[in-house]
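Everything below concerns the one structure shown next.
Numbering (the working numbering), first residue to last: 5 to 824.
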């Protein structure tokens, strides 16, 4: 009997052993098959997560951030110990003890899943397993994925230290609100660095990996606090915090403060977008949005604000003077007693014009209107329940003509109801108290750009009235005719090739035959003034003189200079091009003027000073000057470091000073006398194209150059008198007044060898003593005026004209010489 019983038991054991071996073999084969398809853990070894690129101004202010995943990588040594402990208590308190898998947690999870088969499966992932899943696997819910996860976890633990695994986890984990990793999440949730977080804030971040949306700080605040307090309890159980710290932290409210757009430098949108495009050209989109570049730009925040305000004020002034009221943004249907807040909140505002607000007209009674202002939004986008009202008086409407259909034929407005009606969505600007003025976005657009002439660093750039209204950058993307602002380069070519500021050019009718066409250039105003000096020609912006000068030199020479200065890549060899008929950009024009301002040395306009990669290595630097002795570690009474500047000269420094002096005359006596009010040495040139479609002023002081352009995006006449001196120069003046402030006046620096000789600016004669029309003119050695001179264009069949005596000159200038 016993023999039979033990025989049966032995048989069962043998069968069980065989079946166990078969099962083990099956499991082994299954694991081996899964192992063959597993990804390599080299992905972790070469870990470089997508990190946001950050753009900074010259003073370090944050201009913009670009990322597909908002992440800032921190090495484990830079992550505070309390943050590490909080995440370990919440996610894997035995992390430093296990080998990648937590057997007890797995057993608990299996029991829970067997008891609740209909519910979502419960995991028991260690931090190592989460790293394996996040880096190497998908989020698929299956036993097969869990097995793969376990295998990879064991491999990861064998290949990496615990700190390396934790570093990857804390930088990779998604914590909601678009933030990845603890560093970015601290900024997004609390606008703090990880080192500034309180205990309660740290615990809240550690509460998020499980399910960020379930603990959303505004949609699910109760659950968020409950989960945060649970993490605090776990930290107390693990002995990380005391009971007193636990009670204090649990009593704190959930003080989440999302990072607002106001963190970015105000009014820098056009600049930032231009930098973004340049970075894509240099490094591609992947490196821009995930490469973790640190970009230091040339932007001066104070100058940028000044440039933006000057352009905005100028465009608004032009809009008021030359157009009419064009009607509301849109018209809303309002019913009596209706809450108008949500409707006006849906109307698009201009977030880069904070001086303005969107409002809805609630009623118009006589010459006063009651308006409802756009409600504010709470921290997480909810609309405020407060409703603010204001009023507009007819006297605070700048326009006295209007067309509600937005046309160009305006009618006289005699009352406020001619401009606005109940339900109109409008822009308004506060005057004082509850009193507001009516505003509209100008149809005439423009741009302003300021540059350091010695380095090419762009200090300020505003490409239009509002980036929120139009992203088109008129400083870099708009190709427009510069008109007379191109003339200094024609004159510079002449001065560089044998002419002097006192050379005489004929200002009289001329006919240019091109094929079957006859071109008869005219001066602005239609008059001709006879023989005139080059100085007078540029001060008064004489078109005919410029054409004669270009004809005398030959257009190939003019084109060479235009391309040398970077204004054009391939200027057509046609005489109208000498009057600025070709198209270029504000940035190119300002860069060209900067070469004159710095004495003729080539510069490359740039928005970027330096770029560093994610590891802090400098991968781009704009300044190519060398300073071999700048890196010494100590001073041994050696001489100061010498900066070696190997940039070439594209213009003779003497020529640069001569044309600068002539453009000073444009400000003092010529077409830009408005700029004279600056009260400091300044040179520049106005530009106005045919039919007043484009208005320019580009000018400079010894250490700053700025250019302004005004015009419709779709070129069309702006009206009689819409010249560079009338529209663009006042904007330049406002900017320069604020930019230079109370800085001491600095004179333009004459180069060594230049001769300053008193001459009569009209005749070009050398004179003795002072008097009306007498100026100190700059001459190169050996080029001072003599008793005879040439009149360019006296005989248009002879390029160099003919030589006449001083006696003949007096007859010419008196009008009796028969030269007109």
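A virtual CB, placed ideally from N, CA and C, is assigned to each residue, including glycine.
Since this is a predicted model, take the numbers as computed values, not measurements.
Query: Minimum C-alpha distance to residue 534 - residue among 766, 774 and 48; Result: 766
Query: Any 3 or more C-beta pairs closer than 8 Å across the stretch 518 to 534 and the stretch 543 to 551; Result: yes
Query: Alpha helix (DSSP H) segment containing residue 599, residue limits; Result: 590 to 601
Query: Sub-7 Å separation of residue 505 and residue 672 beta-carbons; Result: no
Query: Host beta strand (DSSP E) of residue 435 (start-end); Result: 428 to 436
Query: Same chain only: Cβ atoms within 6 Å of residue 605, ignoring 5 sequence neighbours per side; Result: 651 and 653
Query: Of the residues 360, 439 and 363, the one placed nearest residue 399, counting alpha carbons only; Result: 439
Query: Range of the contiguous alpha helix (DSSP H) that encloses residue 447; Result: From DSSP, residue 447 is part of no alpha helix (DSSP H); its letter is neither H nor E.
Query: Among 293, 258 and 239, nearest to residue 249 - alpha-carbon criterion; Result: 239
Query: Between the CA atoms of residue 688 and residue 724 - distance to the nearest angstrom; Result: 23 Å
Query: CB of residue 80 within 7 Å of CB of residue 163, strictly; Result: no
Query: Spatially closest choice to residue 444 from 462, 612, 157 and 473, by CA coordinates; Result: 473
Query: Limits of the beta strand (DSSP E) - the one that residue 362 falls within; Result: 360 to 369
Query: Length of the line joining the Cα atoms of residue 52 and residue 696; Result: 55 Å
Query: Continuous alpha helix (DSSP H) stretch holding residue 669: start and end; Result: 657 to 673
Query: Environment of residue 386 [buried if 16+ CB atoms lie within 10 Å]; Result: exposed
Query: The stretch 702 to 715 contacting the stretch 451 to 467, beta-carbon criterion three pairs below 8 Å; Result: yes
Query: Contact between the stretch 308 to 316 and the stretch 724 to 739 (3+ Cβ pairs under 8 Å); Result: yes
Query: C-alpha distance - residue 675 paired with residue 665, whole-angstrom precision; Result: 15 Å
Query: Inside the stretch 723 to 808 only - beta strand (DSSP E) runs reaching at least 3 residues; Result: 759 to 764, 778 to 783 and 793 to 796
Query: For residue 465, three-class secondary structure by DSSP; Result: strand
Query: Cβ contact (3+ pairs, closer than 8 Å) linking the stretch 327 to 340 and the stretch 487 to 495; Result: no
Query: Chain-order list of residues whose beta-carbon lies under 8 Å from that of residue 89 (same chain, five-residue window excluded); Result: 239, 242 and 244
Query: Endpoints, the alpha helix (DSSP H) within which residue 651 is located; Result: Where residue 651 is concerned, there is no enclosing alpha helix (DSSP H), given that its DSSP letter is neither H nor E.
Query: C-beta contact flag for residue 278 and residue 608 at 7 Å; Result: no
Query: Unbroken alpha helix (DSSP H) run spanning residue 176, endpoints; Result: 166 to 176
Query: Given residue 291 as reference, the closest of 616, 685, 780 and 660 once Cα atoms are compared; Result: 616
Query: Residue 396, DSSP secondary structure in three states; Result: strand
Query: Residue 549, enclosing alpha helix (DSSP H) - first and last residue; Result: 547 to 557
Query: Cβ of residue 415 within 7 Å of any chain D Cβ; Result: Among the chains of the structure shown, chain D does not appear; only one protein chain is present.
Query: C-alpha gap between residue 407 and residue 422, whole angstroms; Result: 9 Å
Query: Cα-Cα separation between residue 233 and residue 69, rounded to whole angstroms; Result: 33 Å
Query: DSSP state of residue 239 mapped onto helix, strand, coil; Result: helix
Query: Residue 521 burial status per 10 Å Cβ neighbour count (16 or more: buried); Result: exposed
Query: Inter-stretch contact at 8 Å, needing at least 3 Cβ pairs: the stretch 777 to 792 / the stretch 738 to 753; Result: no
Query: Cβ-Cβ distance between residue 310 and residue 480 below 7 Å; Result: no
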